[in-house]
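Asks:
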Amino acid sequence: LPAVRVVLKRSGKKVDEGVGANVLDSPLFALAHLVELLAIQPDFDQLHAGEIVSTGTLTDAHPVKPGETWSTAFEGLPLAGLTVKFR
């Protein structure tokens, strides 16, 4: 996962790109860190099977505006990209 690459485009033009290593060196490390924190904090439930966890983003966050279409393309994993149009 550290080498997975994503390209982020706004209206067809590249805005940013990043790799999995941008998330605490690997999204798996970020997940492990969350599990460790939850284990030592009794006020919070542990993770349960089927829960969805976002480990962070491979790119910087960018502002969006109505009318823009944003898309992603991945390299290194067989993941389909995502396209979102903001109204």
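Taking this note's numbering, I'd label the letters of the sequence shown as residues 13 to 99. Think of the CB as a built atom: it goes at the ideal place given N, C-alpha and C, for glycine as much as any other residue. Note that the structure is predicted; figures quoted are calculated from it, not measured.
Enumerate in chain order the residues of its own chain whose CB-to-CB distance from L13 is below 7 Å, with the five nearest sequence positions on each side excluded.
Replies: G32, S38, P39 and L40, listed in sequence order.
Asks: Just how far apart, CA to CA, sit V35 and G62?
Replies: Taking the straight line joining both Cα atoms gives about 22 Å.
Asks: Under three-state DSSP, which class holds A73?
Replies: It is coil, neither helix nor strand.
Asks: Pick helix, strand or coil for A15, following the three-state DSSP scheme.
Replies: In the structure shown, A15 sits in coil (DSSP, three-state: anything other than H, G, I, E or B).
Asks: If contact is defined by three or more beta carbon pairs under 8 Å, each pair taking one atom from either stretch, is the segment 18-26 in contact with the segment 75-95?
Replies: Cβ pair count under 8 Å is three or more, so yes.
Asks: Locate the beta strand (DSSP E) running through F86, then write down its first and last residues.
Replies: From DSSP, the beta strand (DSSP E) with F86 extends over T81 to E87.
Asks: Buried or exposed for L70, please, with buried defined as at least 16 other CB atoms from any protein chain shown within 10 angstroms of its CB.
Replies: So L70 ends up on the buried side.
Asks: Can you tell which of P54, L50, A42 and K97 has its C-alpha closest to the C-alpha of V76?
Replies: Of the candidates P54, L50, A42 and K97, the one whose C-alpha sits nearest the C-alpha of V76 is K97.
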